[in-house]
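This report concerns only the one structure given below.
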Amino acid sequence: MKFAVIQFPGSNCDIDLYEALHTVCGADVAYVPSKESSLDGFDAVMLPGGFSYGDYLRAGAIARFTNIMPAIVEMAKAGKPVFGTCNGFQILTEASLLPGALKRNDSLKFVCKTVELEVVNNDTIFTSEYQKGEKINLPIAHADGSFYADLETLQKIEDNGQVVFRYSKENPNGSLNNIAGITNERGNVLGMMPHPERAVEALLGNTDGLRLFKSILDHAEVKA
Amino acid sequence: MMQEMTPEEIKEKKPYLDWSLSEEEYDYICDKLLHRLPNYTETGLFSAMWSEHCSYKKSKPVLRLFPTKGPRILQGPGEGAGVVDIGDGQAVVFKAESHNHPTAVEPYQGAATGVGGILRDVFSMGARPVATLDSLHFGELDDAHTRWLLNETVAGIGGYGNCMGIPTVGGELTFDDIYKGNPVMNAMSVGLLDVKDMQKGLAQGEGNAVMYVGAKTGRDGIHGATFASHSFDSEHESQRSAVQVGDPFMEKLLLEACLELTQKHADWLVGIQDMGAAGIVSSSSEMASEGKSGMELNLDLVPQRESGMSAYEIMLSESQERMLLCVKKGHEEDVKKIFDFYDLDAVVIGRITSGHNYVLRHHGEVVCDIPVTSLTEDVLEEPSEEKQPQHMIDDAAKPAWEPEITDLAKTYKQMLAQPTIASKEMFTQTYDSMVRTSTVVGPGEDSGVLRVRGTHKGIAMTTDGNGRFIYLDPEIGGKRAVVEAASNIIASGAEPLAITDCLNFGNPNEPEVFWELHHSVMGIAKACEVLETPVVSGNVSLYNETDDKSIYPTPMVGMVGLVKNLDHLVRDSFQEAGDDLYLVGQTGADYAGSELQKMLTGEISGSLNDLDLDHIKDYQKRLLAQMEAGHVASAHDLSEGGLAVSLAESSFGHGIGAEVACDLTSAELFSETPGRFLVSVPSEYSAEFAAALAGDAVKIGQTAGDSLKLTLQDQAADLPVAELKQIWEEALPCLMKSKD
């Protein structure tokens, strides 16, 4: 299974995803600049955190127009794993690969801390290694992480089991229904504000994010 | 467009006086350097390059006192940043910079561009910046303007660093009324470098290209360097135009493009330098001067975002996110291709020439033709008068202040709520401290620690300034600042390597201020010599005063250390109940300038006790050896608030308390004798630890329970950890919410 880590101008957590997959999980992974237009040869695509295009206009709003986006949409349509964390999540909503939008945190401030999450749905290719209802701790680092959707959409994603992670103690940004991460209807596109790739090494004090990457890799093995 | 003055009009009307060039300097330039009158553009270039900010003409004689060499030092002061060997072909690269004046006027942009500027200094060396630290000193929070300044400053630091994706892993924030009109904002950047990729700010080789890369030039920040070399008066609000505006997204692109060039194609490159203070003129003339070359630039080729800019404006603009390269002839297009990929301008604006002159053309005319060295090396050093501050003489004649503590528990809690002591988390959590996943220890501990990828080593870093002590006694205070930084580094289990500094002082034309500068540098230099931590880079910020009132002399010491094996990294929190507690270092009656003195009396006064640097170094080495042997569970440096505050902070991490019984008095619990540590040691190593630190460590109790049970010589107290932590955590959010 080969992963693509997309580098948009202004991405800065690209190395975090790359190292989590390459060095920690031993997976096959390569950077792909957003100026490229093909993802041929890749089986999964990862959209990193950061400030693509400086968050100018709106977080993720310019990145969705980059050359690589049609290829990412194709991957999503083909049912391959598409994952976005933080700015990656924002880009996925801007590109309409995920419903809803990410608004400014209700504190109006950037916040970097570790928060507790509940794994609401473990029946996805991203979370199969977790227990349903399990509490995990993951870092967040964002200014625009308050998930919002109109009531009808919100109801739909709740009913479909698309909510994968919820803030379970403190909601750090004011998201609706304490939502921290959601999938698309089909379940192969996951966007989340927390950073699992920052929690994969005991040296850095937290390994709760590791099983997310293991889940994707397990899924690939089962399929193969 | 305004008509520029003729050389004769300049001589007569002396506009240069407003640009900080003195009449004596102007005459010297005319008579000794040029043998003619300089034109308008040339006069502007001289005034910027001869400012203290660029030339260090006031501080140079004093800066020569610093030790700058050592076996690990690959690059000392004079380049973009200092470079220190950490083995395995790698080096750590670091420098600090002050942005006090811009921050006082426009705090968000002042702080943001302070961070942006210091990052460019580090990546101009070919290093990737991996961490940022800050050192902030502000007025008291009972003032709404100060709260606004602080909020905006913190937002600016975070706004720039978060977007760049460089973690902010440490720093300091203290409060005192003396900084009300003139806050101190210092930023330090630390980078990592493969030694083979190291670059210099150098331009040479006739016919080689001078290339401008990065953002376009506008009218922002013109005369920022001279602005920083002036004092504030109440009118300073009108100087907003001298503050630059930052674009971290542009800088992120510039960083990646420059690193691609320096790491993969260094053979195309002769040198590279940041366009910082005094923009194009300083970078180009310094690079030519370093290469002993002549240079000719065509200003019509400079990418500009405003029309009708004069030569003077183009040369002195301090627009951000720009770099100057000297590229080998024939590789101009290759370099351009790299920058094209990042959608950045990369333009040949001139060439290296055979002579030694600095020639500028604009609209087809020569607007400047002067010797390169007249801008860089011929600057007149300014002798300064100095005089010991009267307050020192007065203080020495008075009896030392002795604290009286009648209610230990009350004083303890009051101490934890002091803004300088209280938790800074409400600010530090607005910084991304984890991005790029190498942060092992983030903000809030003695030092920030990053792992070095591909090795099992770490680098520890800290910033320390203590204006109060340096005000009371510049030389002893200077020593204390270095000892404090070294103690922070050692508390993490790291070996101190070297320092950078920011010398924040008042108006050096005041003899008492110059004395403070001179003597604090003497103290810093002495401590650096003994502790074997040379000065590898730094910056000077003078004229920090408002309406003739100087800030405390506030040198900031930024130190970097090496953790040889991250398995032996030591944290500041108690790890387990039942460990033995040791106090390392002697405790004396060090209350002058202490947080306790300020809290109880509202002011600081007194004389400082000198310190035995050789002795401190000796036991710190033995302590480090114990840490590297894995015998130490936790270690916390003792600083503001003394043992009291360290005990509390060490208990907060895991909610583990302590039982302390020793013959210190309650006052001594708050004494700030430098060079001390609170160390917890698992009982199986306790005997070995005690033997190794014999004479310099005393066992004071054990980690236990969930409260601090203190039995001192004169008083006892039982303080629940949870209650103390709440006081410590809530103090700043509460003060910042004030509606006054």
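Line by line, the protein sequences give chains S and L.
Following our numbering, the numbering of the first sequence begins with 1 at its first residue and continues without gaps.
Following our numbering, the numbering of the second sequence begins with 225 at its first residue and continues without gaps.
C-beta atoms are modelled at their ideal positions from N, C-alpha and C, and glycine is treated no differently.
Alpha-carbon to alpha-carbon, residue j and residue i
i	j	result
L/Met780	L/Asp688	6 angstroms
L/Val784	L/Pro353	14 angstroms
L/Asp697	L/Ser744	8 angstroms
L/Val884	L/Gly919	19 angstroms
L/Leu956	L/Tyr695	26 angstroms
L/Tyr767	L/Ala916	47 angstroms
L/Ala940	S/Glu170	38 angstroms
L/Gly830	L/Asp618	9 angstroms
S/Pro70	S/Val82	13 angstroms
S/Leu92	S/Phe51	14 angstroms
L/Gln423	L/Ile402	40 angstroms
L/Val307	L/Ala684	15 angstroms
L/Val905	L/Ala853	12 angstroms
L/Val711	L/Ala411	Here the sequence assigns Ser to residue 711 of chain L, which means Val is not the residue at that position. For L/Ser711 and L/Ala411, the distance between alpha carbons rounds to 20 angstroms.
S/Gln225	L/Val559	Since the first and last residues shown for chain S are 1 and 224, residue 225 of chain S lies out of range.
S/Tyr304	L/Ile253	Outside the shown range of chain S, which is 1 to 224, sits residue 304 of chain S, and nothing can be said about it.
L/Ile629	L/Thr635	7 angstroms
L/His460	L/Thr327	Low confidence applies here, because L/His460 scores a pLDDT of 49, under 50, leaving its location unreliable and the question unanswered by this model.
Integer Cβ distance of residue i from residue j, believed to fall under 8 angstroms
i	j	result
L/Met539	L/Lys476	Incorrect: roughly 27 angstroms between the Cβ atoms, too far for contact.
L/Gly445	L/Gly340	The Cβ separation is near 12 angstroms, so there is no contact.
L/Thr377	L/Leu360	7 angstroms
L/Ile723	L/Val706	7 angstroms
S/Leu203	L/Thr663	About 10 angstroms; that fails the 8 angstroms criterion.
S/Glu129	S/Lys2	Actually they do not touch by this definition, with Cβ atoms about 20 angstroms apart.
L/Ala351	L/Gly415	3 angstroms
Proximity test, Cβ basis, 9 angstroms: residue i and chain L
i	result
S/Glu118	no
S/Arg198	yes
S/Cys230	Here chain S has residues from 1 to 224 only, and residue 230 of chain S is not among them.
S/Tyr53	yes
S/Leu210	no
S/Val29	no
S/Asp16	yes
S/Tyr148	no
S/His195	yes
S/Gly49	yes
S/Asn12	yes
S/Gly181	no
S/Lys169	no
S/Lys156	no
S/Tyr56	yes
S/Pro99	no
S/Ala20	yes
S/Phe110	yes
S/Glu36	no
Short CB-CB distance (under 9 angstroms) between residue i and chain S
i	result
L/Met547	no
L/Cys886	no
L/Gln653	yes
L/Asn789	no
L/Val596	no
L/Cys387	yes
L/Ala335	no
L/Asn377	The displayed chain sequence assigns Thr, not Asn, to residue 377 of chain L. No, because no Cβ of chain S sits closer than 9 angstroms to the Cβ of L/Thr377.
L/Gln227	no
L/Asp938	no
Residue-level contact to chain A via CB, residue i, 9 angstroms cutoff
i	result
L/Val659	The chain labelled as chain A is not found among the protein chains of the depicted structure, namely S and L.
How about the region 845-860 of chain L and the region 786-800 of chain L: do they share at least three Cβ pairs that are nearer than 8 angstroms? With three or more CB-CB distances shorter than 8 angstroms, the region 845-860 of chain L counts as touching the region 786-800 of chain L.
Does the region 192-212 of chain S touch the region 14-30 of chain S, meaning 3 or more C-beta pairs lie closer than 8 angstroms? yes
Can you list, in chain order, the stretches of the beta strand (DSSP E) that have 3 or more residues and sit fully within the region 559-632 of chain L? 569-577, 581-586, 589-595
The region 520-533 of chain L contacting the region 481-500 of chain L, beta-carbon criterion three pairs below 8 angstroms: no
Does the region 390-398 of chain L come within contact of the region 277-287 of chain L, defined as at least 3 CB pairs closer than 8 angstroms? Contact between the region 390-398 of chain L and the region 277-287 of chain L is absent: fewer than three C-beta pairs spanning the two stretches fall below 8 angstroms.
Counting only runs of 3+ residues fully inside the region 879-919 of chain L, write out the beta strand (DSSP E) ranges in chain order. 882-885, 901-905
Taking one C-beta from the region 241-260 of chain L and one from the region 143-162 of chain S each time, how about it: are there three or more such pairs within less than 8 angstroms? The region 241-260 of chain L is not in contact with the region 143-162 of chain S.
Suppose only complete runs of 4+ residues qualify. What are the alpha helix (DSSP H) ranges in the region 374-461 of chain L, listed by chain order? Entirely contained in the region 374-461 of chain L, the alpha helix (DSSP H) runs reaching 4 residues are, in chain order, 448-451.
Enumerate, from N- to C-terminal direction, the unbroken alpha helix (DSSP H) stretches of 4 or more residues contained entirely within the region 321-364 of chain L. If we require 4 residues or more, the alpha helix (DSSP H) runs fully inside the region 321-364 of chain L come out as 324-329, 331-347.
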